[in-house]
């Protein structure tokens, strides 16, 4: 029995534009090889930096291209978190943000969060920064409402809190209307915007970027130069070639088509298979849905049983600071699993859930 | 007047095998694109990891492939340096090692160093680790003698000190016989070996690796996954394709031929142009030579004058902890400057040095 893994937010192999990128990598090297292959500016491959700056209507000095967006988050934490400082996060939040806060001895502090995202009135301040994924959040799939975006942007603009807006999923939209980013609503003040090409082109290339005030970007560059000197330029030049050939929008459309089918498949399977008392998010985009099992379900025990039965997911408590939530919940990534396997995996899970509950009742 | 820069240890553009790498990048993606373009193991692209393991006769679990070797040093410092701990370094040492030690609040401590390299009997212990470049050292061009390598290996094997052996230059050898690495002499015990493809293939690819005990490598991997998740896989796969096609040795030979000519040119120019009382290292390989100006010369003042006259180098004090040495010295990188420019640059410098000394005498 093959394992069906809902555990990682990994694009399906079909999402990766392999042939186009192979061609782009070669073309970029043939055109600009002596630049790409030597040491370069720590801020990133200049033509890509300029492309990003134009796209967001900022100066290239406000852009830092990193070895993936996690590297950007890691640099920001390294620069801003002093031991004991709060790092505000959504509940649930991206687990690696929790680990990075912990590594820098920050105190990850959950902001009250509901189906409309985090509550901007509930921030415990002061804090080193607020880490948020406003659109199609990892792990919940939730999207911050427009009203709350405005409120958060105002707090950022007023200097109340520095917002790190992580936005890798917004272009993977299956339905509904795009919302403005917090960065846009704040006019760029008090917000650092983080983007990644991982979900719409390729994660293995490790190309992400930060946009922020030029002075902050300069300080991040100074830290980056002491950390890795120059980012890997070949992947950046390959991405630049890809966007220059105007392949990005068509690829996003293709990825969205592929993944919408999977999103639909998992929501249908949940509806069909899962018992009363289970609820889940219905994301309009992104890679994830969040499940709340019936009250009293131990998501960790269910995961152990499921893993033995060949189905994996990530238990909800991994997305909270230790002991603060998620015990009866789980994150399901539908991006990597074929629609047929999604149905089979959810059926296996439903059957286990039934067994666990019967056992609990029997005891 | 074009600036002649002896400042950075950057390979000449002619050293970069652009066309071959363009071909390798495309071939690697065409063959293994869905692996290379997705998230992968934090330890690196598996086929390259296996190639490295075989080359050094270790297990793949003892290899961590990083986004350049500085990233490896940065991870090691992040793991091992607690505030106030000593980090032992050569005097002079690679400046970025000093910055990294400082960033982690370590105390960079210079080990007595002479023309045979650092003195293993002069280590101030305990220390988080000893950072050394035993072969064609940056910045001095010096090589640690065999006898001292043996003594250092014994200290490492006995658990007296963890040695981080940084070895990016040893394959760029113009003459003389290769020496065994400290890692080899210690049988791998107590030594982490760091290598880079920057000086023999391409720095912009950012591919380096660490070899060490499997348990330490596992801890570094855990830190790396929280820092950048997955290293950039395309450059690693491109390097793997390059070595698999057996292009490495021929490229090293080509690079060595190109740079030997520059090493010869700079030593001849020094001999021809520089005044009595100036001395310099005569490296058998690598990118650098180290100049000691006549007593009383202020290398910083000379650098300012030289920069105005269109010649740059790095002043010696940048390679020591603040205030501990190098005031009358300088590092000259000859790798990026054509032989003709080397002669012209050294002539300009000699003329400035003469002026500075006349002025000093006149005062």
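Chains as they are written, first to last, in our numbering: chain A, 1 to 363; chain B, 1001 to 1363. Note that CB positions come from ideal geometry on N, CA and C, so glycine has one too.
Can you tell me the Cα-Cα spacing of residue i and residue j, whole angstroms?
i              : j              : result
residue 1323/B : residue 1316/B : 11 Å
residue 1211/B : residue 1252/B : 21 Å
residue 1052/B : residue 1164/B : 18 Å
residue 1236/B : residue 3/A    : 29 Å
residue 1266/B : residue 1351/B : 16 Å
residue 16/A   : residue 200/A  : 8 Å
residue 1338/B : residue 254/A  : 49 Å
residue 1239/B : residue 1022/B : 11 Å
residue 93/A   : residue 250/A  : 30 Å
residue 998/B  : residue 13/A   : Absent from the structure is residue 998/B, since the part of chain B shown begins at 1001 and ends at 1363.
residue 1162/B : residue 1190/B : 5 Å
residue 1135/B : residue 149/A  : 56 Å
residue 26/A   : residue 234/A  : 10 Å
residue 110/A  : residue 70/A   : 20 Å
residue 1061/B : residue 1218/B : 8 Å
residue 244/A  : residue 175/A  : 27 Å
residue 269/A  : residue 335/A  : 15 Å
residue 1083/B : residue 1098/B : 14 Å
residue 1205/B : residue 1198/B : 7 Å
residue 1192/B : residue 1213/B : 8 Å
residue 1321/B : residue 36/A   : 33 Å
residue 1133/B : residue 102/A  : 33 Å
On the three-state DSSP scale, how would you describe residue i?
i              : result
residue 1012/B : coil
residue 90/A   : strand
residue 3/A    : coil
residue 108/A  : strand
residue 129/A  : strand
residue 1249/B : helix
residue 233/A  : helix
residue 332/A  : strand
residue 1293/B : coil
residue 119/A  : coil
residue 1325/B : coil
residue 1345/B : helix
residue 270/A  : helix
residue 1279/B : strand
residue 1311/B : strand
residue 204/A  : coil
residue 1316/B : helix
residue 1173/B : strand
residue 1242/B : helix
residue 114/A  : strand
residue 1285/B : strand
residue 1339/B : helix
Would you give the residue range spanned by the alpha helix (DSSP H) that residue i belongs to?
i              : result
residue 166/A  : Note, residue 166/A: premise wrong, no alpha helix (DSSP H); beta strand (DSSP E) at 163–166.
residue 1035/B : 1018–1036
residue 1058/B : First-last for residue 1058/B: undefined, no H or E at that position.
residue 1095/B : 1095–1103
residue 1183/B : 1182–1185
residue 1227/B : 1214–1227
Beta strand (DSSP E) containing residue i: first to last residue?
i              : result
residue 1067/B : 1063–1067
residue 208/A  : 207–211
residue 1192/B : 1191–1196
At least one CB of chain B closer than 9 Å to the CB of residue i: is that the case?
i             : result
residue 235/A : yes
residue 67/A  : yes
residue 289/A : no
residue 320/A : no
residue 84/A  : no
residue 337/A : no
Is there a Cβ from chain A that is less than 9 Å from the Cβ of residue i?
i              : result
residue 1100/B : yes
residue 1092/B : no
residue 1125/B : no
residue 1074/B : yes
residue 1004/B : no
residue 1036/B : yes
residue 1033/B : yes
Check: Can we say the region 1205–1220 of chain B touches the region 1057–1068 of chain B, given the rule of at least three CB pairs closer than 8 Å?
Finding: yes
Note to self: With three or more C-beta pairs closer than 8 Å as the rule, is the region 145–155 of chain A touching the region 178–193 of chain A?
What the structure shows: Touching, yes, given that three or more Cβ pairs across the two stretches are closer than 8 Å.
Margin query: Does the contact criterion of 3 or more C-beta pairs under 8 Å hold for the region 1222–1232 of chain B versus the region 1080–1097 of chain B?
Written below: no
Notebook entry, point to check: Is it a yes or a no for the region 1071–1082 of chain B touching the region 1116–1123 of chain B, going by three-plus beta-carbon pairs under 8 Å?
Noted result: no
Note to self: When you compare the region 270–290 of chain A with the region 299–309 of chain A, are there three or more beta-carbon pairs, one atom per stretch, that lie closer than 8 Å?
What the structure shows: no
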